[in-house]
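Participant: If you scroll down you'll find the structure; I have some questions about it.
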Amino acid sequence: MVSSSAASAPSLHSNVAQVVGRFAPSPTGRMHLGNILASLLAWLSVRSQGGKLVLRIEDLDDRARSGPWDALLMDDLRWLGLDWDEGPYYQTDRIDLYADAVRRLDDMGLVYPCFCTRAELHAASAPHASDGTPVYAGTCRGLTAAEVVARSKARPPALRLKVPPVQGIASSRGPFESFASESKHSKTELTDFGNSMPRELTFGDCSERGTRGAAASRGAAGGDAGVMHFEDRTYGPQREVLAEECGDFLVRRSDGVYAYQLAVVVDDADMGVNEVVRGCDLLGSTARQMYLQDLLGYAHPSYAHVPLLVAPDGRRLSKRDRDCDMGVLREHFGTPGALLGRLAYVAGLVSSPEPRTADQLADGFSWSAVCEHRDNIAVEECFFA
Numbered sequence: 049m050v051s052s053s054a055a056s057a058p059s060l061h062s063n064v065a066q067v068v069g070r071f072a073p074s075p076t077g078r079m080h081l082g083n084i085l086a087s088l089l090a091w092l093s094v095r096s097q098g099g100k101l102v103l104r105i106e107d108l109d110d111r112a113r114s115g116p117w118d119a120l121l122m123d124d125l126r127w128l129g130l131d132w133d134e135g136p137y138y139q140t141d142r143i144d145l146y147a148d149a150v151r152r153l154d155d156m157g158l159v160y161p162c163f164c165t166r167a168e169l170h171a172a173s174a175p176h177a178s179d180g181t182p183v184y185a186g187t188c189r190g191l192t193a194a195e196v197v198a199r200s201k202a203r204p205p206a207l208r209l210k211v212p213p214v215q216g217i218a219s220s221r222g223p224f225e226s227f228a229s230e231s232k233h234s235k236t237e238l239t240d241f242g243n244s245m246p247r248e249l250t251f252g253d254c255s256e257r258g259t260r261g262a263a264a265s266r267g268a269a270g271g272d273a274g275v276m277h278f279e280d281r282t283y284g285p286q287r288e289v290l291a292e293e294c295g296d297f298l299v300r301r302s303d304g305v306y307a308y309q310l311a312v313v314v315d316d317a318d319m320g321v322n323e324v325v326r327g328c329d330l331l332g333s334t335a336r337q338m339y340l341q342d343l344l345g346y347a348h349p350s351y352a353h354v355p356l357l358v359a360p361d362g363r364r365l366s367k368r369d370r371d372c373d374m375g376v377l378r379e380h381f382g383t384p385g386a387l388l389g390r391l392a393y394v395a396g397l398v399s400s401p402e403p404r405t406a407d408q409l410a411d412g413f414s415w416s417a418v419c420e421h422r423d424n425i426a427v428e429e430c431f432f433a
């Protein structure tokens with residue numbers, strides 16, 4: 049599906065790399081107003097730059113395959129006038145790519161089996177990352193080969209990716225040197241990965257593979273690979289110390305499902321995505337994804353996180369609660385223009401709530417308007433009518 053606005057992109061874009069953005073919804077229910085705002089801003093950013101938009105259905109989780117939601121979300125996007133140029137791509141068709149990425153990480157000696165249950169992780173008196181995930185304490189990092197074999201008989205392990213200690217604080221050695229002396233897994237322990245033997249990795253290995261932006265992601269003073277820096281288009285400069293703010297994180301769950309962080313990194317790189325627009329609840333995921341990009345030799349996209357919409361009582365909108373469900377919204381507003389005009393007004397993109405098409409909103413779109421309204425946005429009662 050090719051947008052007329054994309055087809056008529058001005059010639060000034062011909063001398064620079066084309067912007068490639070994406071919609072990446074998880075079909076676990078009908079889209080709500082917050083999903084629509086994130087999709088609208090991704091679409092407006094790409095179309096205003098004469099770029100290309102990819103539609104990816106993130107359906108790895110069982111819940112995302114339990115209903116007609118993918119067809120409904122595509123129908124809703126078409127109704128709104130938010131078209132796309134490639135896709136839909138389904139993550140369930142791309143499992144081999146994720147498996148290959150994990151094999152590569154395992155070849156670097158950075159993947160290890162973890163037997164901690166969700167209950168154990170949440171029961172631990174440990175801090176939590178910005179997305180609510182417990183900061184992993186490294187409980188299973190030092191297991192011996194015999195311990196791995198014994199525990200595997202009771203339950204299948206998840207797979208975690210080691211993050212570097214903070215150079216000069218947690219270790220006096222190089223960012224990956226400390227991994228070499230820790231548990232090493234034999235070929236039989238990680239049979240999914242074939243002939244996988246750990247080896248040391250230095251950050252230079254990544255930059256030599258041409259990772260655009262790798263230098264910017266390291267600590268400015270010490271070049272520490274465990275300290276990630278990036279500039280968010282909405283929320284400005286960001287810094288995260290992986291070891292302190294997330295710890296070793298999952299790349300594959302114990303049920304065999306590849307983790308969100310890994311899958312989206314592989315997909316964005318494979319699809320040429322160089323601009324990611326999404327809700328600010330995913331801001332804390334960016335450092336982990338940049339770390340994976342560096343390890344796998346991928347370029348860093350630009351990131352723009354957008355404010356969340358909240359109900360009048362302050363709670364986040366939820367598919368589960370059918371907040372501002374698109375079925376209800378379509379019936380209530382009647383036309384796409386009426387809904388988009390009101391939503392753009394609430395989000396501070398325009399100064400009045402009259403009906404507007406997506407193309408009309410693209411004509412005057414500017415990220416400065418988003419930056420000026422970056423606090424979470426309370427939804428007007430009219431959206432709940």
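Be aware that the sequence shown starts at 49, since it is given in this note's numbering, and climbs by one per residue.
By construction, the Cβ of each residue, glycine as well, lies at the ideal position given by its N, Cα and C atoms.
If you're wondering where the values come from, they're calculated on a predicted model, not measured in any experiment.
1. Below 8 Å on the Cβ atoms is my contact criterion, and I expect LEU396 with ALA417 to pass it. Report the Cβ-Cβ distance as a whole number of Å.
2. Applying the criterion that 16 or more other CB atoms from any shown protein chain within 10 Å of the CB defines a buried residue, is PHE251 buried or exposed?
3. In the DSSP assignment, what residue or residues form a beta bridge with LYS100?
4. Determine whether the beta carbon atoms of LEU103 and GLY135 lie at a separation below 7 Å.
5. In angstroms, rounded to a whole number, what distance separates the CA positions of VAL321 and VAL67?
6. Mind checking GLU402: buried by the 16 CB within 10 Å criterion, or exposed?
7. Just to confirm the assignment, what range does the beta strand (DSSP E) spanning ARG203 have?
8. Closer than 8 Å by C-beta to TYR283: which residues in its own chain qualify, once you throw out the five before and the five after it? Chain order, please.
9. What number of angstroms, rounded off, separates the C-alpha of GLN408 from the C-alpha of GLY389?
10. Just to confirm, are GLU106 and ALA147 a CB contact at a threshold of 7 Å?
11. Which one of ARG203, TRP415 and LEU344 has the shortest CA to CA distance from ARG166?
12. What does a CB cutoff of less than 7 Å around ARG301 pick up in its chain, not counting 5 residues either side in sequence?
13. So what's ALA426 in DSSP terms, helix, strand or just coil?
14. In chain order, what residues of the same chain lie with their CB nearer than 6 Å to the CB of THR181, ignoring the 5 residues before and after it?
15. Count the other C-beta atoms from every protein chain shown that fall within 10 angstroms of the C-beta of PRO223, then say buried if there are 16 or more, exposed otherwise.
16. Run through DSSP, which three-state label would HIS380 get?
17. Pairs of beta-carbons, one from the region 150 to 161 and one from the region 342 to 353, closer than 8 Å: are there three or more?
18. I'd like to know whether the C-beta atoms of ALA86 and ARG326 end up nearer to each other than 7 Å.
19. Let's see if you can read the secondary structure: which residues bound the alpha helix (DSSP H) around ASP144?
20. Excluding five sequence neighbours on each side, which residues of the same chain lie with their C-beta closer than 7 Å to the C-beta of LEU209?
21. For a quick check, are the C-beta atoms of CYS294 and ARG336 less than 7 Å apart?
22. Ends of the alpha helix (DSSP H) at LEU344?
23. So what does MET276 bridge to, in DSSP terms?
24. Provide the residue(s) that pair with VAL325 in DSSP beta bridges, ordered along the chain.
25. Provide the residue span of the beta strand (DSSP E) that contains VAL299, from first to last.
26. DSSP three-state label for VAL358, please.
27. Is the Cβ-Cβ distance between ARG95 and ALA410 less than 7 Å?
28. Tell me the DSSP secondary structure of CYS162 in three-state form.
29. What first and last residue would you give for the beta strand (DSSP E) that runs through HIS137?
Facilitator: On the basis of the data shown:
1. Checking the sequence, you will find Gly at residue 396 rather than Leu. Their Cβ separation, rounded to whole angstroms, is 6 Å, which keeps GLY396 and ALA417 in contact under 8 Å.
2. With a pLDDT of only 26 at PHE251, under 50, the local geometry of the prediction cannot be trusted, and the value read off the model is given with reservation. It counts as buried.
3. VAL68
4. yes
5. 8 Å
6. exposed
7. First-last for ARG203: undefined, no H or E at that position.
8. Correct list, in chain order: CYS328, LEU331, HIS353 and ARG422.
9. Take the alpha-carbon of GLN408 and the one of GLY389: they are about 10 Å apart.
10. no
11. ARG203
12. ALA206 and ALA307
13. strand
14. none
15. Confidence in PRO223 is poor, its pLDDT being 34 and thus under 50, which makes the residue's placement unreliable; the coordinate value appears in the next sentence. When all chains shown are included, PRO223 counts as buried.
16. In this structure, DSSP gives HIS380 a helical state, which the three-state scheme calls helix.
17. Under the Cβ criterion (8 Å, minimum of three pairs), the region 150 to 161 counts as touching the region 342 to 353.
18. yes
19. 143 to 155
20. LEU153, LEU158, VAL159, ASP296, PHE297 and VAL299
21. The criterion of a C-beta distance shorter than 7 Å is satisfied by CYS294 and ARG336.
22. 334 to 344
23. GLU288
24. ALA352
25. 297 to 300
26. strand
27. Contact flag set, yes.
28. strand
29. The sequence as given places Tyr at residue 137; His does not occur at that position. 134 to 138 is the extent of the beta strand (DSSP E) around TYR137.
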